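In numbering that gives the first Met the number 0, the protein residues as written are 0 to 262.
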Amino acid sequence: MNPENIAIQEYTYVLPDERIAKYPLQERDASRLLIYNKETITEDVYRNIADHLPENSLLIFNNTKVVEARLLFQKPTGGIIEIFCLEPHLQYPDITTAMRQKGHVLWQCLVGGASKWKKGQLLKKEIRLKDDIIILTAAYIEKSADTFTIELSWSPGKLSFAEILHHAGAIPLPPYIKRKAELSDAERYQTIYAEQDGSVAAPTAGLHFTDHIFHTLQQKGIEHLNVTLHVGAGTFKPVTAEKMQDHIMHAEYIDVSIEVLKK
Numbered sequence: 000m001n002p003e004n005i006a007i008q009e010y011t012y013v014l015p016d017e018r019i020a021k022y023p024l025q026e027r028d029a030s031r032l033l034i035y036n037k038e039t040i041t042e043d044v045y046r047n048i049a050d051h052l053p054e055n056s057l058l059i060f061n062n063t064k065v066v067e068a069r070l071l072f073q074k075p076t077g078g079i080i081e082i083f084c085l086e087p088h089l090q091y092p093d094i095t096t097a098m099r100q101k102g103h104v105l106w107q108c109l110v111g112g113a114s115k116w117k118k119g120q121l122l123k124k125e126i127r128l129k130d131d132i133i134i135l136t137a138a139y140i141e142k143s144a145d146t147f148t149i150e151l152s153w154s155p156g157k158l159s160f161a162e163i164l165h166h167a168g169a170i171p172l173p174p175y176i177k178r179k180a181e182l183s184d185a186e187r188y189q190t191i192y193a194e195q196d197g198s199v200a201a202p203t204a205g206l207h208f209t210d211h212i213f214h215t216l217q218q219k220g221i222e223h224l225n226v227t228l229h230v231g232a233g234t235f236k237p238v239t240a241e242k243m244q245d246h247i248m249h250a251e252y253i254d255v256s257i258e259v260l261k262k
């Protein structure tokens, strides 16, 4: 079908709120697994996924790591400004470089309560560590069509930006999960093989994999390799175009090694 003729409203459907899990199961690999095989649909649980894969297969995993991208600042007057760090400024060649910056960084952000934050007004947040106190400062630089350019600086500046987010931020849950982030989300809204800081959302299929599953895959001769694709906030962004061809897809950073490509 030609994209010119596909209306976005044709993809609208009702998803009852009670069908959306607010919390994960106690065991990652106890989640339900849909099996489609030769036009037949059956169900199983994730821990048995090796039973449904051919021997000597190759699985590719996304080793991106969800960062604590939500920062809350309190104005001197008491109002709360939420800064949602989306992606680094274009001056950085990649997310990894931006995450390693120390002392200050420029970031493209969404800002909650932006109408109450005047350009030039500095927001400050105190980060209390075991042996130190760090002052994190946010400066509103400029606004584009969809995002704000925010300069984040911290003193002392010995920590990387990834470490600052870890200590000062909160995990950004998907908008369809109607609750506040909790301490347990830092572990459960993360794959067990996450390594590379940069995502604002998890590659959700990978959340169900456990050490037990990797062991059963290995026993069956199923190899696995990693690539990195940092999931951006565009994955949550509503589609506003009326026709599919008019929707502008967001871009995401991907890193694939030569070794993986040769496979």
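For glycine and all other residues, C-beta sits at the position ideal for the given N, C-alpha and C.
Computed from a prediction, not measured in an experiment: that's the story for all the values here.
Burial state of residue i (16 or more Cβ within 10 Å)
{"i": "H207", "result": "buried"}
{"i": "M248", "result": "exposed"}
{"i": "V65", "result": "buried"}
{"i": "Y139", "result": "buried"}
{"i": "T63", "result": "buried"}
{"i": "Q244", "result": "exposed"}
{"i": "R127", "result": "exposed"}
{"i": "E42", "result": "exposed"}
{"i": "V104", "result": "buried"}
{"i": "V110", "result": "buried"}
{"i": "G231", "result": "buried"}
{"i": "F235", "result": "exposed"}
{"i": "V199", "result": "buried"}
{"i": "A137", "result": "buried"}
{"i": "L182", "result": "exposed"}
For residue i, three-class secondary structure by DSSP
{"i": "T96", "result": "helix"}
{"i": "K273", "result": "Residue 273 is absent from the structure shown; the chain starts at 0 and stops at 262."}
{"i": "H88", "result": "coil"}
{"i": "I247", "result": "coil"}
{"i": "K115", "result": "helix"}
{"i": "G233", "result": "helix"}
{"i": "Q25", "result": "coil"}
{"i": "F213", "result": "helix"}
{"i": "F208", "result": "coil"}
{"i": "D43", "result": "strand"}
{"i": "E17", "result": "helix"}
{"i": "K261", "result": "helix"}
{"i": "I80", "result": "strand"}
Whole-angstrom distance between residue j and residue i, CA atom to CA atom
{"i": "E107", "j": "G233", "result": "Note that residue 107 is Gln in the sequence shown here, rather than Glu. Answer to the nearest angstrom: the Cα atoms are 13 angstroms apart."}
{"i": "K262", "j": "L216", "result": "18 angstroms"}
{"i": "R228", "j": "R178", "result": "Arg is not the amino acid found at residue 228; the sequence shown has Leu there. Answer to the nearest angstrom: the Cα atoms are 26 angstroms apart."}
{"i": "L24", "j": "Q120", "result": "44 angstroms"}
{"i": "L164", "j": "V226", "result": "23 angstroms"}
{"i": "T39", "j": "L33", "result": "10 angstroms"}
{"i": "A144", "j": "H211", "result": "46 angstroms"}
{"i": "T19", "j": "A204", "result": "Per the sequence presented here, residue 19 reads as Ile, with Thr not at that position. So the two alpha carbons sit approximately 15 angstroms from each other."}
{"i": "N46", "j": "K118", "result": "According to the sequence provided, residue 46 is Arg. The question's Asn does not apply to it. Looking at the two C-alpha atoms, the distance is approximately 52 angstroms."}
{"i": "Q73", "j": "Y22", "result": "29 angstroms"}
Whether residue i touches residue j by CB criterion (8 angstroms)
{"i": "K123", "j": "I80", "result": "no"}
{"i": "S154", "j": "I133", "result": "yes"}
{"i": "Y252", "j": "D93", "result": "yes"}
{"i": "G156", "j": "K101", "result": "yes"}
{"i": "H88", "j": "T148", "result": "yes"}
{"i": "G112", "j": "G78", "result": "yes"}
{"i": "F160", "j": "A201", "result": "no"}
Examine the Cβ distances between the segment 216-225 and the segment 48-55 and report whether three or more of them are shorter than 8 angstroms. They touch, by the three-pair rule.
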